[in-house]
Structure formats: C-alpha cells, structure tokens
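J.: Pasting a structure below so you can have a look.
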Ligand code: ADP
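In our numbering, the protein residues as written are 13 to 305.
Now the structure itself:
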C-alpha cells in the first residue's frame with residue numbers, strides 16, 4: 013500500500029547539473045532561462061492556504077504564441093482549466109493541437125504569452141526563474157515518453173537523483189513503498205541499458221513519485237512501450253491516484269490509456285473543445301471524431 017503524501021521541509025544545495033535539455037531540467041528542477049523574479053513574497057503563505065483546496069492547477073486565459081507576424085503560430089488560445097487534486101486527467105487531441113504546449117505551461121516549463129497558471133495556489137507566471145525552479149522541484153513530477161534516465165547511473169541512483177540534487181534525504185519508508193509499488197526491488201543496481209522499456213519507465217515513475225509531487229505530469233508515458241508494458245504503467249499511474257491521492261495529468265493519443273482517466277480534456281487548434289468524465293475506449297474514440305488530425 014502506498015502511504016499518504018505529507019508535508020516536508022527541504023534545504024538546498026547548488027545544482028550538480030551544469031546544463032540540460034528541457035526534460036532533464038524538469039527532472040533536476042532546473043529553471044528555463046526566462047523572465048526575472050516578480051513576486052515570491054507570499055509563496056509560503058499561499059502554499060499553506062492551498063493545501064486545503066481541491067484544485068492543484070488552475071490556468072486562466074492562457075495563450076501561447078510562437079513567432080511574430082505572418083509566421084506566428086497560436087499554440088494555445090485562451091485556455092482556462094482547473095485540475096482537481098487526487099484525480100487522473102488525460103489530455104488528448106490531434107498532433108499540433110497544443111497538448112505539449114499546455115502541459116509545459118501547466119508544469120512551469122514554459123511561460124504563457126497571456127494568462128496565469130496557479131499551482132497549489134501560487135501564480136507561477138509571477139515567479140522569477142529561481143523561485144519557479146524551487147516550486148517545480150518541490151511540487152511537480154515528470155514522466156516522459158523516452159524515460160529520460162541517465163545511462164551511467166543505476167536505477168537506484170536515477171530514482172534518487174532529483175532529491176540528491178535538491179540536497180534532500182528521501183524518507184526511507186516512502187522510498188521502500190515506492191520501490192515495492194513499482195516492482196523495482198531486484199532491479200535497483202541495474203543501469204537503464206540492462207532494463208526493459210517498461211522497467212525504465214517504472215524507474216522514471218519511481219523518480220517522480222519519490223518527492224511526493226503535488227502533481228505528476230506524464231507526457232505520452234506509454235508511447236514507447238508494447239501493450240503489456242503499457243498496461244503495467246497505466247495500472248501503476250492509476251494506483252498512485254487511488255492509493256495516495258496522487259494528482260496526475262497525462263498527455264496521450266491512445267484511447268486505451270485515456271480510459272484509465274477520471275477526466276479527459278480534448279484539444280483542437282489550441283482550445284479545449286471537449287471535457288468529459290471517465291469513459292470507455294469506444295466513448296473516447298467517438299469523442300475524438302471530428303477533432304481532425
Ligand atoms: P501537440 O503536442 O498537440 O502535438 P504542440 O503543443 O507540440 O502540439 O504544438 C502546437 C502548435 O504549436 C503546433 O502548430 C506546433 O507546430 C507549434 N509549436 C510548438 N512548439 C513550437 C515552437 N517552439 N516554435 C514554433 N511553433 C511551435
């Protein structure tokens with residue numbers, strides 16, 4: 013059984029990573045080079061207040077444009093959405109509909125051109141890079157399609173890396189629980205190349221769960237797996253929601269994956285065009301019709 017998330021304190025030490033791509037920066041809690049600090053004064057207060065709210069993420073009037081003039085692309089167009097605590101929300105839509113852009117903005121990996129995003133009551137669009145980095149490190153977990161494990165590290169070292177970078181000690185009991193839940197006990201000394209795709213993704217999920225994030229974002233987490241491994245990963249994500257109330261947001265194009273969600277958002281041309289509750293694969297396939305792509 014997974015045990016409930018609880019609050020913890022943290023201390024920091026300098027990042028061990030000199031540079032990284034967006035995915036690795038997300039894992040390490042690094043900042044993307046963007047706007048400067050605007051307001052960190054009430055972060056702790058907002059954190060305390062937000063523990064009681066049902067919304068973990070709230071986006072309001074979010075737009076994201078790339079480029080300028082004739083070549084400008086509106087990837088997100090005035091999106092407002094709230095993500096409920098302790099639920100699994102799937103985000104679907106044709107290629108180019110804005111799924112990745114939405115996920116990156118909700119997770120604080122990218123900034124909207126307009127609008128605001130609150131995570132646990134904190135407006136992350138008002139945070140400077142350092143505060144945003146800390147917030148991401150403390151509150152957000154990431155799982156990617158291609159796992160993003162460091163090849164020279166063992167599974168155990170990969171799982172512990174973000175906390176190690178943050179200078180935090182994992183709760184040993186929680187570490188054991190996560191390892192048991194992910195079924196990795198006898199794989200901890202293996203390097204990624206010695207693990208199957210499903211096992212590597214379980215390592216990535218264990219790494220994300222270890223810091224007890226307020227929200228775990230998964231970008232096509234089964235997109236690179238066979239059906240058996242996919243099934244395991246989906247069950248694991250679902251269990252994390254049911255057992256400990258983990259909040260999960262999963263981008264997927266796969267109706268089988270979306271069928272484990274409590275709620276499914278459908279994007280088309282940068283807008284949320286459908287928002288439905290728990291659905292069967294057939295219902296999801298029907299809902300996808302007419303979205304294009
Ligand atoms: P999805 O994840 O649904 O495939 P994306 O969010 O990746 O969609 O992209 C939405 C739109 O924004 C697409 O038209 C895409 O080409 C465009 N886009 C995404 N990222 C960039 C970027 N860095 N520069 C320019 N256009 C981009």
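Just so it is clear, CB atoms sit at the ideal spot from N, CA and C, and this is done for glycine as well.
Tell me the rounded alpha-carbon separation between residue 94 and residue 69.
T.: 6 Å
J.: Measuring CA to CA, which of 225, 243 and 120 is closest to residue 233?
T.: Among 225, 243 and 120, the Cα nearest to that of residue 233 is on 243.
J.: If you count every other CB in all the chains shown that lies within 10 Å of the CB of residue 105, and 16 or more means buried, which is it?
T.: buried
J.: Can you tell me whether residue 153 sits near ligand 1, meaning its C-beta is under 7 Å from at least one heavy atom of the ligand?
T.: no
J.: Could you check the C-alpha separation between residue 192 and residue 199 for me, to the nearest Å?
T.: Going from the Cα of residue 192 to the Cα of residue 199 covers about 11 Å.
J.: Return the chain-ordered ranges of every beta strand (DSSP E) run that is complete within the region 130-175 and spans a minimum of 3 residues.
T.: 152-155
J.: Looking only at DSSP bridge pairs, what is residue 229 linked to?
T.: In the DSSP secondary-structure assignment, residue 229 is bridged to 154 and 261.
J.: How would you label residue 211, buried or exposed, when you count the other beta carbons within 10 angstroms and need 16 or more for buried?
T.: buried
J.: Indicate, with yes or no, if ligand 1 has a heavy atom lying under 7 Å from the CB of residue 111.
T.: yes
J.: Reducing DSSP to helix, strand and coil, say where residue 121 ends up.
T.: coil
J.: So, are the CB atoms of residue 285 and residue 230 less than 8 Å apart?
T.: With contacts defined as CB atoms closer than 8 Å, residue 285 and residue 230 fail to qualify as a contacting pair.
J.: Only counting the same chain, and skipping five residues up and downstream in sequence, which positions put a Cβ closer than 6 Å to that of residue 249?
T.: 260
J.: CB-CB under 6 Å to residue 47, same chain, minus the five flanking residues each way: which ones, in chain order?
T.: Bear in mind that a pLDDT of 35 at residue 47, under 50, signals an unreliable position, so the number given afterwards is only what the model happens to contain. Closer than 6 Å at Cβ, skipping near neighbours: no residue.
J.: Is it buried or exposed for residue 161, if we count other Cβ within 10 angstroms and need 16 for buried?
T.: Residue 161 should be labelled buried.
J.: By Cβ distance, which residues of its chain are closer than 8 Å to residue 151, with the 5 residues on each side in sequence left out?
T.: Listed in chain order, the non-local C-beta contacts of residue 151 below 8 Å within the same chain comprise 131, 132, 225, 226 and 227, local neighbours out to five positions each way being set aside.
J.: Does the structure place the region 109-120 close enough to the region 67-86 that three or more beta carbon pairs sit under 8 Å?
T.: Contact between the region 67-86 and the region 109-120 is established, with three or more Cβ pairs separated by less than 8 Å.
J.: Does the Cβ of residue 300 have 16 or more other Cβ atoms within 10 Å, making it buried, or fewer, making it exposed?
T.: buried
J.: Does DSSP classify residue 292 as helix, strand or coil?
T.: In this structure, residue 292 counts as coil in the three-state DSSP scheme.
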